[in-house]
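Visitor: Under this note's numbering, the first residue of the sequence shown is numbered 11, with each subsequent residue one higher.
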Amino acid sequence: MPVKTLTTHDHTQMSVDEIFADLKARMGAISPDFELQYKAELAYEINQLKVERNAVILGHNYMEPALFHTIPDFVGDSLDLSRKAARTDKDVIVFCGVRFMAETAKILNPTRTVLLPSEKAGCSLAASITAEDVRALKERFPGVPVVTYVNTYADVKAESDICCTSSNAAAVVESLGTDTVIFLPDEYLAGNVARDTGKHIIYPVKLPNGSLLADTSVDYQMIGWQGRCEVHEKFNVLDIEAVRAQYPDVVVLAHPECSPEVVEASDFSGSTNAMIRYVEEMQAPHYLLLTECSMGDNIAAANPDKEMLRLCTVRCPHMNQITLEMTRDSLLYNQYVIEVPEEIRVRAYGAVERMLAIG
Ligand code: 13P
Ligand code: SF4
């Protein structure tokens with residue numbers, strides 16, 4: 011069976027044998043048949059449940075390859091999946107991703123059931139800031155618009171003027187047309203956007219009593235926050251230099267949640283979708299992805315001709331919670347249902363909608 015691209019998924023019509031053959035074509039070189047057979051049977055069961063429950067499955071690019079290539083109706087980055095969530099007419103949305111993504115789907119679809127297969131699928135960035143922190147920033151910098159990364163919880167979005175993702179962050183900041191913006195909570199993404207938009211950034215320090223210390227003596231146009239992705243903060247410039255010494259012809263791609271120094275030392279930076287497109291469209295002898303390691307596996311499974319160098323220790327512990335077993339159970343037992351209080355949802359909806367309207 012020919013290997014399909016990352017974005018084409020319709021396994022609902024396939025038998026267990028066909029799913030197995032597809033998985034074997036993609037992953038036969040790295041996984042034994044009995045493992046692929048087990049996963050094909052699970053995927054088949056999930057696809058039947060999906061039809062029975064009139065559900066759509068959205069899969070983030072960081073899902074493990076056997077899940078990624080068998081059950082999602084749509085795969086993509088945060089922005090892409092938000093758009094798919096906004097357009098669905100299914101009764102149930104199963105989000106194979108992390109909580110903030112499932113919450114965004116619920117914010118956009120209050121009448122549908124949104125399921126997240128694991129209760130433990132959080133995110134270090136979303137955990138780095140509270141709604142109270144945003145209120146304190148707004149008090150400290152009155153009138154300055156607040157841009158929040160979608161990697162935040164609904165109550166933080168509700169305090170914001172507009173959301174952004176890694177694929178539209180600079181465009182969102184520029185769309186505001188203001189001299190100054192508050193950009194939360196990713197310190198590194200903010201640093202990368204500040205560089206791209208030519209702005210100087212300051213990072214207020216939160217004191218134990220909750221008040222904010224900010225050096226406003228410099229000429230600043232962005233106010234950031236010290237949240238970090240626990241995965242992308244692991245990469246450093248020395249890693250890149252070591253790989254370039256061993257593979258001089260390597261093309262290095264870094265997610266914008268990596269530090270500005272790492273992004274500067276790379277050949278390309280973009281959202282997970284943008285990195286996938288880059289690898290599919292550009293011919294290079296080797297590629298190094300500075301991002302969650304399952305994505306390299308997914309690209310390799312879709313493009314067996316591409317030489318992906320692996321940094322396989324860098325797995326997001328939150329994305330890693332989502333398995334085929336948990337996804338089957340989410341449809342079987344209706345778990346875990348995502349709820350967003352209406353008063354918060356309505357305000358968060360405004361910030362997400364404003365972002366989606368930017369295009
Ligand atoms: P993308 O929007 O680029 O898919 O990123 C989401 C994420 O959580 C990266 O760590
Ligand atoms: Fe959050 Fe980082 Fe995991 Fe993405 S990779 S979900 S930003 S912890």
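Ideal Cβ positions, reconstructed from N, Cα and C, are used throughout, including at glycine.
Quick check on this structure: which residue in 346, 189, 302 has the alpha carbon closest to the alpha carbon of residue 116?
Guide: Reading the sequence shown from its first residue, position 106 is the one you call residue 116. Among 346, 189, 302, the Cα nearest to that of residue 116 belongs to 346.
Visitor: Is residue 11 helix, strand or coil when you go by DSSP?
Guide: By one-based count along the sequence shown, residue 11 stands at place 1. Residue placement at residue 11 cannot be trusted, given a pLDDT of 38 that sits under 50; the coordinates are not used to answer.
Visitor: If you run the structure through DSSP and keep just helix, strand and coil, what is residue 239?
Guide: One-based indexing of the sequence shown puts residue 239 at position 229. Residue 239 falls in the coil class under three-state DSSP.
Visitor: If I measure Cβ to Cβ from residue 182 and keep anything under 7 angstroms in the same chain, skipping five residues before and after, which residues do I get?
Guide: Within the sequence shown, the letter at position 172 stands for residue 182. For residue 182, where only same-chain residues beyond five positions count, the Cβ hits under 7 angstroms are 157, 172, 174, 365, 368.
Visitor: For a minimum of 4 consecutive residues, which ranges assigned as the alpha helix (DSSP H) are wholly contained in the stretch 53-106?
Guide: Entirely contained in the stretch 53-106, the alpha helix (DSSP H) runs reaching 4 residues are, in chain order, 75-78, 88-97.
Visitor: Grab me the residues of residue 294's own chain with a C-beta within less than 6 angstroms of its C-beta, minus the 5 sequence neighbours each way, in chain order.
Guide: Counting from 1 along the sequence shown, the entry for residue 294 is found at position 284. The residues are 261.
Visitor: Between the beta-carbon of residue 306 and the beta-carbon of residue 318, is there less than 7 angstroms?
Guide: Indexing the sequence shown from 1 puts residue 306 at position 296. Indexing the sequence shown from 1 puts residue 318 at position 308. Yes, the Cβ-Cβ distance between residue 306 and residue 318 is below 7 angstroms.
Visitor: Any idea which residues DSSP pairs residue 297 with across the strands?
Guide: Within the sequence shown, numbered from 1, the residue matching residue 297 stands at position 287. According to DSSP, residue 297 bridges with 261, 318.
Visitor: I need the straight-line Cα distance from residue 211 to residue 233, nearest angstrom please.
Guide: For the purposes of this step, residue 211 is taken as residue 201 along the sequence shown, with counting starting at 1. For the purposes of this step, residue 233 is taken as residue 223 along the sequence shown, with counting starting at 1. Residue 211 and residue 233: Cα-Cα distance of roughly 6 angstroms.
Visitor: Short of 6 angstroms in beta carbon distance, which residues of its chain neighbour residue 96, apart from the five on each side in sequence? Order them along the chain.
Guide: Counting from one through the sequence shown, the residue named residue 96 turns up at place 86. Answer for residue 96: 118, listed in chain order.
Visitor: What's the call for residue 337, buried or exposed, on a 16-neighbour Cβ count within 10 Å?
Guide: Counted from its first residue, the sequence shown places residue 337 at position 327. Flag for residue 337 reads buried.
Visitor: Quick one: is the Cβ of residue 227 within less than 6 angstroms of any heavy atom of the ligand SF4?
Guide: Locating residue 227 in the sequence shown gives position 217, where the first residue counts as 1. No, the ligand SF4 has no heavy atom inside 6 angstroms of this Cβ.
Visitor: Could you spell out the range, first to last residue, of the alpha helix (DSSP H) harbouring residue 156?
Guide: Locating residue 156 in the sequence shown gives position 146, counting from the first residue. Here residue 156 belongs to no alpha helix (DSSP H); instead the beta strand (DSSP E) covers 156-159.
Visitor: Can you tell me the Cα-Cα spacing of residue 22 and residue 192, whole angstroms?
Guide: Residue 22 sits at position 12 when you count from the first residue of the sequence shown. Residue 192 sits at position 182 when you count from the first residue of the sequence shown. So the alpha carbons of these two residues sit roughly 44 angstroms apart.
Visitor: Measure the beta-carbon distance from residue 34 to residue 52 and round it to whole angstroms, keeping in mind my assumption that it falls under 8 angstroms.
Guide: Numbered from its first residue, the sequence shown carries residue 34 at position 24. Numbered from its first residue, the sequence shown carries residue 52 at position 42. Actually they do not touch by this definition, with Cβ atoms about 15 angstroms apart.
Visitor: Could you have a look at residue 170 and say whether DSSP puts it in helix, strand or coil?
Guide: Taking the first residue of the sequence shown as position 1, residue 170 is located at position 160. Coil at residue 170, not helix or strand.
Visitor: Give a yes or no on whether the C-beta atoms belonging to residue 371 and residue 273 are separated by under 7 angstroms.
Guide: The chain is shown only over 11 to 369; residue 371 falls outside these bounds and no answer can be derived.
Visitor: Using a Cβ-Cβ cutoff of less than 6 angstroms, which residues in the same chain neighbour residue 202 once the five nearest sequence positions on both sides are dropped?
Guide: For the purposes of this step, residue 202 is taken as the residue at position 192 of the sequence shown. The answer, listed in chain order, is 266, 270, 273.
Visitor: Should residue 328 and residue 132 be called a contact, given that it needs their Cβ atoms to be closer than 7 angstroms?
Guide: What you label residue 328 is simply residue 318 of the sequence shown in a count that begins at 1. What you label residue 132 is simply residue 122 of the sequence shown in a count that begins at 1. Yes, the Cβ-Cβ distance between residue 328 and residue 132 is below 7 angstroms.
Visitor: Applying the 10 Å Cβ sphere with the 16-neighbour rule, what's the burial state of residue 114?
Guide: To locate residue 114, count along the sequence shown from 1; it is residue 104. Buried.
Visitor: Suppose contacts are defined by Cβ-Cβ distances below 7 angstroms. Is residue 300 in contact with residue 268 by that definition?
Guide: Indexing the sequence shown from 1 puts residue 300 at position 290. Indexing the sequence shown from 1 puts residue 268 at position 258. Yes, the pair counts as a contact, with Cβ atoms nearer than the cut-off.
Visitor: Mind listing which residues have their beta carbon within less than 7 angstroms of any non-hydrogen atom of the ligand SF4? Chain order is fine.
Guide: The set, ordered by position in the chain, is 72, 108, 133, 134, 135, 136, 161, 239, 240, 241, 242, 267, 302, 326, 328, 329.
Visitor: Any heavy atom of the ligand 13P closer than 6 angstroms to the beta-carbon of residue 282?
Guide: On the sequence shown, residue 282 is found 272 positions in, with the first residue counted as 1. Residue 282: yes, Cβ under 6 angstroms from the ligand 13P.
Visitor: Cβ of residue 175 versus every heavy atom of the ligand 13P: is any distance shorter than 6 angstroms?
Guide: Within the sequence shown, numbered from 1, the residue matching residue 175 stands at position 165. Yes; taking the cut-off as 6 angstroms, the Cβ of residue 175 has a heavy atom of the ligand 13P nearer than that.
Visitor: Give a yes or no on whether the C-beta atoms belonging to residue 88 and residue 361 are separated by under 7 angstroms.
Guide: Here the question's residue 88 lines up with position 78 in the sequence shown. Here the question's residue 361 lines up with position 351 in the sequence shown. Taking 7 angstroms as the Cβ cut-off, residue 88 and residue 361 do not qualify as a contacting pair.
Visitor: With distances taken from CA atoms, which of 80, 124, 166, 145 is nearest residue 357?
Guide: The sequence position of residue 357 within the sequence shown is 347, counting from 1. Checked all of 80, 124, 166, 145; the closest Cα to residue 357 is 166.
Visitor: Would you identify the three-state DSSP class for residue 108, choosing helix, strand or coil?
Guide: For this step, residue 108 is matched to residue 98 along the sequence shown. Three-state DSSP puts residue 108 in coil, outside helix and strand.
Visitor: Based on the DSSP output, what are the partners of residue 347 in its beta bridges?
Guide: As a first step, residue 347 is located in the sequence shown; it is residue number 337 there, counting from the start. According to DSSP, residue 347 bridges with 125.
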